[in-house]
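This report refers to the structure that appears directly beneath it.
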């Protein structure tokens, strides 16, 4: 299957979250307009997205939840397990360690790192915290492919470069420092201050756009 | 000035972050291509965005940093102060309380709420944590307009509705539960699991798109 665009992958991943929530419920099928309403997308957007992975609903019953989940898992390679490192074991890092794994079956948080020696060798929610100078060794040993950066802005770029050099292929950056990494490295950056600034703006100037909430184009 | 689109507001807010970092540096001016490179945007995108707020650079020197910051502050209403409530004072909530305010001068985290009685009446980084049943009273008293939801998925929707009822105009949702709120309410949702799922996908299927990292369309 050819590479799907970033926007579509983002939405497919969200459909998967929704369907996972529904899969043990009473319904066996969902219509595209129901998926669309839950996601604040248009009906036709949902159908187009699911066509890209070769799935069609039945006009009379919609999409079969279990079958669609299997298709989504395959398209998104959810069957392949990724080792994840959390870099920075402050409150944010520890919140991610505690909460993330339950929602994603193919992500395994295998290690954490922190510059604070008092955190090193402690275990947070089952995940051991290592000193920063063990980063290269542990990332290689554990076969880490994804890293979540929860460190102060000033140290983010240097740590990201070390992670990439150690073999990490994707970085999720929570620091407010925008990173410069090779284009071959997948990179997502979440600047929470920017999200709030947008919210603040739209409390004063109501958006005229149809969408609101989870982004259609994410 | 007319309402700016959500995508443009997102980018303007990011330009503002970049320029704030630069404003005490040696440079007084920045060229659009320099802003573009730092943001992984195209040159023409940056110029178009800044034209929407009526700012043009000089061909010979680019944009004057201080002047552009003032224009951005005005366009984004950064001079208007917003009272922010953090709902859920677990690790994530406390991380936001500790780190957010320093980066955004017009956002004031004024209160936190938690269902855990042992957290109530404690003060985290200068912010008092109240019991959930005081939510309506404190939100009204403090004139809160924005709320950040850091609660488990199961309680997110009910709490969001209470916040809106109490007068909150914008919600930033960190729970994995997609919210349904009136369209008049500004809503941003950050499902961290989805970001990681996208990263995982693009470590296997390298993106053919030019962009990587901070989204041009955010």
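Chains as they are written, first to last, in the working numbering: chain A, 1063 to 1280; chain B, 1063 to 1280. Even glycine gets a Cβ: it sits at the ideal position worked out from N, Cα and C.
In the structure shown, residue 1087 (chain A) falls within a coil segment according to DSSP collapsed to helix, strand and coil. A contact between stretches requires three or more CB pairs, one per stretch, nearer than 8 angstroms, and the segment 1120-1134 of chain B fails this requirement with the segment 1144-1162 of chain B. Chain B has no Cβ within less than 8 angstroms of the Cβ of residue 1077 (chain A). The alpha-carbon of residue 1088 (chain B) is positioned some 17 angstroms away from that of residue 1122 (chain B). Closest in C-alpha terms to residue 1178 (chain B), from the list B:1234, B:1196, B:1142 and B:1219, comes B:1196. Closest in C-alpha terms to residue 1210 (chain A), from the list A:1199, A:1237, A:1193 and A:1203, comes A:1237. About 6 angstroms separates the beta carbon of residue 1171 (chain A) from that of residue 1148 (chain A), a gap short enough to meet the 8 angstroms contact definition. Within chain B, no residue has its CB atom less than 9 angstroms from the CB of residue 1134 (chain A), the nearest being about 10 angstroms off. Under the Cβ distance rule, residue 1193 (chain A) does not count among the residues neighbouring chain B, no pair being separated by less than 8 angstroms. Judged by DSSP in its simplified three-state form, residue 1213 (chain B) adopts coil rather than helix or strand. In terms of CA proximity to residue 1137 (chain A), A:1065 leads the group A:1267, A:1225, A:1065 and A:1226.
For residue 1249 (chain B) and residue 1248 (chain A), the gap between their C-alpha atoms comes out near 26 angstroms.
Distances from the alpha-carbon of residue 1216 (chain B) to those of B:1235, B:1229, B:1067 and B:1160 put B:1235 closest. Its chain contains 1182 as the residues whose beta carbon lies nearer than 6 angstroms to that of residue 1193 (chain A), once the 5 sequence neighbours on both sides are disregarded; these appear in chain order.
Beta-bridge partners assigned by DSSP to residue 1068 (chain A): none are found. In the three-state scheme derived from DSSP, where H, G and I count as helix and E and B as strand, residue 1248 (chain B) is classed as strand.
For residue 1241 (chain B), the closest alpha carbon among the candidates B:1214, B:1191 and B:1078 is that of B:1214. At a cut-off of 8 angstroms, the C-beta of residue 1266 (chain A) has a neighbouring C-beta in chain B. In this structure, residue 1161 (chain B) lies away from residue 1262 (chain A), with their beta-carbon atoms at least 8 angstroms apart. Within 7 angstroms of the CB of residue 1085 (chain B), no CB atom of chain A is found; the nearest one sits about 15 angstroms away. Ranked by Cα distance from residue 1228 (chain A), the first of A:1245, A:1174 and A:1205 is A:1205.
Listed along chain B, the residues sitting closer than 7 angstroms to residue 1071 (chain A) by beta-carbon distance are 1260 and 1263. As summarised for the segment 1180-1227 of chain B, the continuous alpha helix (DSSP H) elements at least 4 residues long and confined to that stretch are 1197-1204 and 1215-1227, given in chain order. The closest CA to that of residue 1221 (chain A), considering only A:1252, A:1176, A:1093 and A:1264, is found on A:1176.
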